[in-house]
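A.B. asks: Residue numbers (my numbering): 43 to 107.
Note that beta-carbon positions come from the ideal geometry of N, C-alpha and C, so glycine has one too.
Since this is a predicted model, take the numbers as computed values, not measurements.
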Amino acid sequence: MTPVWRKSSHSGTDAGTSDCVEVAQLAPRIGVRDSKAPEAPHIALDAADWRRFVARVKHGEYDPT
């Protein structure tokens with residue numbers, strides 16, 4: 043099955059504002075890749091690691107500001 047990659051609706055659509063990570067269901071893992079380089083390798087996280095990553099992002103742990 044071909045993965046269906048998607049990115050956040052918050053990422054925008056204009057050049058320079060649409061760069062984002064994309065995710066896809068890669069049963070049983072979650073694939074994560076750079077939207078600027080979709081042909082490049084991606085990482086695959088199990089469900090527990092994905093949930094921990096999302097929780098840390100939501101808590102601002104990876105906020106660059």
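Would you mind giving the Cβ-Cβ distance between P45 and A79, rounded to the nearest angstrom? I have them listed as a contact below 8 Å.
C.D. replies: Going by Cβ atoms, the distance from P45 to A79 rounds to 15 Å, so no, they are not a contact pair.
A.B. asks: Measuring only the C-alpha atoms, how far is E64 from A86?
C.D. replies: 12 Å
A.B. asks: Please state whether DSSP places A79 in a helix, a strand or coil.
C.D. replies: coil
A.B. asks: Kindly indicate the opening and closing residues of the alpha helix (DSSP H) around V114.
C.D. replies: Lying outside 43 to 107, the shown extent of the chain, residue 114 is not represented and no answer is given.
A.B. asks: So, is R75 buried or exposed, given that buried needs 16 or more other C-beta atoms within 10 angstroms?
C.D. replies: buried
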